[in-house]
Amino acid sequence: MAVYEVFSHPLLIRYKTSICSKTTCFYVFVTLFTYIFPFIITYYSQGFWKKIDIYREQPDVSFKHQMVLLLETESPDQLIFWSTYEKLNQLMDHKLLQIKPSIEHREEDHNRDGKKDELHMVIEVPLTKEKIVSLKLILIFDYYLYLYSDFHMESAAYVQYSTSLSGSSFSTFGELSLMQRQPLRHTGKDDRYNIPVLNISKIDRPFISLENILLEYMKRNITTSLKNVYSVWQAGHAAYDSFKINLVILYSEDSILYTLGFWQLLKWALVQYMAVFILISYILKKIKLYLFQKQMLSAIVINPLKQKV
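Right, dumping it as structure tokens:
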């Protein structure tokens, strides 16, 4: 007749000793070692307190219809300047275009998630006989992040190109990328950089230059810039007496540095600690079992099978 197991339970054998004994000292030492040694290993192997981490998020970006354009010609004295800032235009009146450039742009949301994915822009600058050899362009954006901290800032993208050959058109394609010198907070509202990239109220003629504007912007700990930029300069005489600029800027998903909150920090530390603790605890348990079974440590053995009923 076949038999099978219907119930089982372990046999508990107890080992007892007095407080003032070598066995007790060994037990205390092993117990402390079991809990302290994993902490020492994980702490000094670096990364125990992981204060900064990275996550991925697509920002919510919108073009603010604000820009600054500077075109340089073969003649150093002939600069073509235009911006959407009236005061800035007044200060640069001696370099202003007499006719406003033609600007067309659109922002597209391909995956219908409520966040724009890219900006398309075409700028046509009317010319007379000027030959363009360089351009500098600043575009202003609203930039939002929501996943951890509620982050909002006014950011910029800088496009620059120069050559020795005069051109009729310029095309560039790139991604708007977040640049960080410090991590974001893990929670709460953060609008410390929601200030104008071009503070028009502080602009005056002696200090007006793209260099100063970009320098002030660069001093921020968090900015945006264009990466993976591909540019095409079309040499030759400008057709229809205008210089054409084509822009495509992608608002792609970005890697964001942020500081961990207390519970995230504790969770990460416990995961590392427990991984080492379980291994050390298992090894020491086997060592204790061997020492007590072989009676290499002095102790009173209480075996329920040998006790009288």
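Going by our numbering, the first residue of the sequence shown is number 5, and it counts up by one from there. Even glycine gets a Cβ: it sits at the ideal position worked out from N, Cα and C.
Secondary structure note for Leu74: its beta strand (DSSP E) is the uninterrupted segment Asp64 to Thr77. DSSP assignment within the region 225-277 yields the following whole beta strand (DSSP E) runs of 3 residues or more, N-terminal first: 226-239, 246-254 and 258-263.
Tyr277 and Ile249 have their C-alpha atoms roughly 57 angstroms apart. Ranked by Cα distance from Lys310, the options His13, Leu73, Phe11 and Ile17 are led by Ile17. Between the alpha carbons of Phe296 and Ser22 lies a gap of roughly 15 angstroms. Counting the other CB atoms within 10 Å of its CB gives Ala160 a total of 16 or more, which places it among the buried residues. Annotation: the continuous beta strand (DSSP E) that includes Gln164 extends over Asp154 to Gln184. When beta bridges are read from the DSSP output, Lys290 appears opposite no residue.
When the alpha-carbon of Ser259 is set against those of Ala303, Leu293 and Pro187, the nearest one is in Pro187. In terms of Cα proximity to Asp194, the closest of Leu180, Val201 and Met157 is Met157. The three-state secondary structure of Phe281, taken from DSSP, is helix. Cβ neighbours of Met96 within its own chain (closer than 6 angstroms, five residues either side excluded): Phe85.
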